[in-house]
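A quick write-up on the structure given underneath.
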Amino acid sequence: MTQETKNLPQNHELYTDKYFLRTKEILTRERINPRVSMKVFTRGEGKVAGLKEAVEVLLEYSDLKKNGEIWVTKSDSYMTKEPLIVIKGPIQSFVELETMYLGVLSSAISEANGIAKPNTESIKQKLERLTKIYQEKQITYFGARHYHWSLDQKIAKAALDGGAVQTSTDIGSFNIQKEGVGTIPHALVLTLAYVYGRDTATLKSAELFDRYMALNIPRVNLVDTFNRELTDSLTVAKYFSNRKNTIRIDTCGENIGESGSLYNGEK
853 MTQETKNLPQ NHELYTDKYF LRTKEILTRE RINPRVSMKV FTRGEGKVAG LKEAVEVLLE
913 YSDLKKNGEI WVTKSDSYMT KEPLIVIKGP IQSFVELETM YLGVLSSAIS EANGIAKPNT
973 ESIKQKLERL TKIYQEKQIT YFGARHYHWS LDQKIAKAAL DGGAVQTSTD IGSFNIQKEG
1033 VGTIPHALVL TLAYVYGRDT ATLKSAELFD RYMALNIPRV NLVDTFNREL TDSLTVAKYF
1093 SNRKNTIRID TCGENIGESG SLYNGEK
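Residue numbering for the sequence shown follows my numbering, starting at 853 and increasing by one per position.
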């Protein structure tokens, strides 16, 4: 380990959202590894921070130094959607590093722009409120990418103490002697779209997840990647037929759900 990265953990997988580790497994077993370009950006305006450590994460746990490219902004400030980092290389090289480098950037940018550091007691109280609101509904903590990796176990514990039943990383779920949990990320669907096309990528992600993941892992299928929330939900449901499965909708703020319309505030 180099001098620059001496503070990074030996095993990055502990701090990785589970769905990225499963994505890497699926792509490896299917021998799918296209060269891609990924832009890392934020929303709003403010001071840039955290770039050095984010790049260290990428270099420490991948072969991008030999087989890829990492470009960083030279600007001291950012605006919405302006790239802070552009990563180019084989998708398998860095697909599982997103949690860590986003957490590094989010933490550093928040601090540089005067946003208070995470308060574990307030996180616990928020989860307590949510569990009261949703009652029998189970809540899983998926916030690892919003905080520095070194804080994940402590923050995850606060969420679990507040009523969450699981977390998305192994280091977080070690608090309850379990492994992290996850669904299907956009990265998998987008990569499969390169091979199989946009119209079938969502279904293909469900099929491959179902093929390679153990039967005790819930089939939670992402259906919003190409803004076909209704179409792809029905397609995935047809594939699973009577077998238990669920869907995940995470439509970005720039889009409107399929067949939806803008809400203008009127009743």
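Idealized CB from N, CA, C, for every residue including glycine.
Please read these numbers as outputs of a predicted model, since none were measured by experiment.
Exercise for the section: Use the C-beta contact count for P1037: other C-beta atoms within 10 angstroms, 16 or more gives buried, fewer gives exposed. Expected result: buried
Problem - beta strand (DSSP E) segment containing K807, residue limits - result: One cannot answer for residue 807 here, as it falls past the ends of the chain, which runs 853 to 1119.
Exercise for the section: Excluding the 5 residues preceding and the 5 following F1092 in the sequence, name in chain order all residues of the same chain whose CB lies nearer than 8 Å to its CB. Expected result: A1058, D1062, R1071
Handout entry: K926 versus S959: straight-line alpha-carbon distance, rounded
Key = 19 Å
Practice task
Find the nearest neighbour of K1056 within the set N1073, L1067, A1066, judged by alpha-carbon distance.
Solution key: N1073
Exercise for the section: Tell me whether T992 sits in a helix, a strand or coil according to DSSP, three-state version. Expected result: strand
Practice task
Name, in chain order, the residues that DSSP records as bridge partners for I922.
Solution key: I939
Exercise for the section: Output yes or no for whether 8 Å exceeds the beta carbon distance between Q944 and N863. Expected result: no
Exercise for the section: State buried or exposed for T932, treating a residue as buried only when at least 16 other CB atoms are found within 10 Å of its CB. Expected result: exposed
Practice task
Assign Q944 to one of three DSSP states: helix, strand, or coil.
Solution key: helix
Problem - Q1018 burial status per 10 Å Cβ neighbour count (16 or more: buried) - result: buried
Exercise for the section: Taking the CB atoms as reference points, tell me whether N935 and F893 lie closer together than 8 Å. Expected result: It should be pointed out that residue 935 corresponds to Pro in this sequence rather than to Asn. In contact: P935 and F893 (Cβ atoms closer than 8 Å).
Practice task
For my contact list, D928 and T1021 are in at a C-beta cut-off of 8 Å; report their separation, rounded to the angstrom.
Solution key: About 31 Å; that fails the 8 Å criterion.
Practice task
Have a look at W923 and K1090 and give me their C-alpha separation to the nearest angstrom.
Solution key: 42 Å
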